[in-house]
Amino acid sequence: MNPNQQLIVSCNSEYREILMAELAMSGCDSFQETKDGFIAHSDPGIEDDLIEEVFERYRNQAEISFEIIDIIKQNWNQKWEKSYEPIVVGDKCIVRASFHEPQPGYQIEIIINPKMSFGTGHHETTSLIMASQFNIDHNNKKVLDAGCGTGILSILAGKLGASEITAYDNDEWVKENIQENLKINDIYARVLIGTAQNLKFDQKFDIILANINKNILLVDIPYYAAVLQTGGQLLMSGFYKSDIEDTTNLAEENGLNFIESNLKNDWAMVRLEKN
């Protein structure tokens, strides 16, 4: 399995986390939970026989099926253009692609050409965070967009008045895509490639936006807390309703007070404040 491939896994829900943990120990470095299981990526890659060894240990009880697909050879532009329709978030913001006709009448318009990056506003987790962004003051605030994907959350932050935006992702594909989307929307952000653990931030932030998966969040929450200003707010999503307790408990252990949670189709987001 090489970095240009992804592992699509279907399994019993109770075995999802242990399988992700086993694969992480074998070399996979990022995971995205799905309704049927999860998607795993590896960088620089792990041998296929290591994947087989992990699944062989749990095959009988976990009812596992999986496939490894080549992501670089897919025509992603054609794929998303066929299914990507404009979306309205909270009656205030419309998100469309550059090939869609403008639709005036909304407070904010965001143009996103996603290509291979995540984040068009269509997924529940993205729209949950965007809706919550409208409820907090971004004016003259310093914002960190963790796992930025297309940059949609950074762009909304800029349009809501943020003075400084830093965005990062661990995927090299992202840098070109987010820069394109930032330029189209006339928003500036400093874009970094890396993770919360290996990036050194030279400032603290008033707002942190993190739409990632639960496993990465549980590792990264202490890093977010360390670079969040006192009184600053952390918005997190990328997990299910059943994961709220785990994420908020760890956040509170790191000095972050729970403010609210919102749900959409069993997906969840939480908003916390540094005390």
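Residue 10 is where the sequence shown starts when you use the numbering used here, and the numbers rise one by one after that. Each residue gets a CB set at the ideal place from its N, CA and C atoms; glycine is no exception.
Beta-carbon separation (whole angstroms), residue i vs residue j, contact threshold 8 Å
i, j, result
"tyrosine 115", "isoleucine 103", "4 Å"
"valine 236", "phenylalanine 210", "5 Å"
"asparagine 149", "glycine 170", "7 Å"
Neighbourhood of residue i by C-beta, 6 Å cutoff - its chain only, sequence neighbours within 5 removed
i, result
"lysine 82", "Reliability of the predicted coordinates at lysine 82 is poor, the pLDDT of 45 falling under 50, and the value obtained from them is presented with this limitation in mind. Excluding residues within five positions, none has a Cβ falling inside 6 Å."
"glutamate 72", "Asn21"
"serine 246", "Thr134, Leu137, Ile138, Asn220 and Met278"
"aspartate 275", "Tyr249 and Lys250"
"lysine 168", "Ile117"
"alanine 260", "Ile230 and Leu281"
"lysine 151", "Glu173, Phe214 and Asp215"
"glutamine 14", "Ile77 and Asp79"
"glutamine 142", "Leu165"
"histidine 131", "Ile96"
"glutamine 112", "Ile103"
"threonine 204", "Asn179"
"isoleucine 17", "Ile48 and Glu76"
"lysine 273", "Glu133 and Leu137"
Identified DSSP bridge partners for residue i
i, result
"glutamate 65", "None; glutamate 65 has no bridge partner."
"cysteine 102", "Val98 and Ile117"
"valine 200", "Ala176"
"methionine 245", "Ala219 and Val279"
"asparagine 266", "Glu282"
"phenylalanine 154", "According to the sequence as given, residue 154 is aspartate; it is not phenylalanine. Ala176 and Leu218."
"phenylalanine 143", "Beta-bridge pairing links phenylalanine 143 to no other residue."
"glycine 46", "Ser19"
"glutamate 76", "Ile17"
"isoleucine 272", "A quick correction: the sequence has leucine, not isoleucine, at residue 272. In the DSSP output, where bridge partners are listed per residue, leucine 272 has Ala277."
"glutamine 41", "Ile48"
"leucine 237", "Phe214"
Buried or exposed by the 16-neighbour rule on C-beta atoms within 10 Å, applied to residue i
i, result
"isoleucine 78", "exposed"
"tyrosine 197", "exposed"
"threonine 239", "exposed"
"aspartate 229", "buried"
"threonine 256", "buried"
"aspartate 154", "buried"
"histidine 147", "buried"
"arginine 105", "buried"
"glutamate 42", "buried"
"glutamine 206", "exposed"
Same chain, Cβ closer than 8 Å to residue i, five either side skipped, listed in chain order
i, result
"phenylalanine 289", "No statement about residue 289 is possible, as the shown extent of the chain runs from 10 to 284 and does not include it."
"leucine 208", "Tyr177 and Leu201"
"alanine 140", "Val98, Gly99 and Asn271"
"asparagine 84", "Interpretation of asparagine 84 is limited by its pLDDT of 48, a score under 50 that renders its predicted location unreliable; the figure taken from the coordinates is listed afterwards. The answer is none, since no qualifying residue turns up."
"leucine 59", "Ser35 and Gly36"
"isoleucine 187", "Ser126, Cys157, Gly158, Thr159, Gly160, Ser163, Ala176, Asp178, Ala198 and Val200"
"serine 107", "Ile120, Asn122 and Ile193"
"lysine 101", "Tyr115, Gln116, Ile117 and Phe143"
"isoleucine 27", "Tyr67"
"valine 63", "Leu28, Glu31, Leu32 and Ser35"
"leucine 227", "Asp255, Thr256 and Leu259"
"glycine 241", "Lys213, Phe214, Asp215, Ile216, Ile217, Glu282 and Lys283"
Closest residue to residue i among the options (Cα-Cα distance)
i, options, result
"serine 163", "Leu218, Gln206 and Gln112", "Leu218"
"tyrosine 24", "Arg66, Ile138 and Ala171", "Arg66"
"asparagine 220", "Leu265, Asp45, Thr257 and Ser136", "Ser136"
"leucine 265", "Gly247, Ile216 and Asn274", "Ile216"
"phenylalanine 214", "Ala205, Thr204 and Tyr233", "Tyr233"
"asparagine 190", "Cys157, Ser172, Ala171 and Glu42", "Cys157"
"aspartate 57", "Phe75, Glu118, Glu110 and Lys44", "Phe75"
"lysine 44", "Leu243, Glu62, Val63 and Ser19", "Ser19"
Residues near residue i by beta carbon distance below 7 Å, same chain, minus five either side
i, result
"isoleucine 253", "Ser270, Ala277 and Val279"
"asparagine 284", "Gly264 and Asn266"
"lysine 184", "Val200 and Ile202"
"isoleucine 212", "It should be pointed out that residue 212 corresponds to glutamine in this sequence rather than to isoleucine. Excluding residues within five positions, the ones whose Cβ falls inside 7 Å are Lys151."
"glutamate 181", "Ile202"
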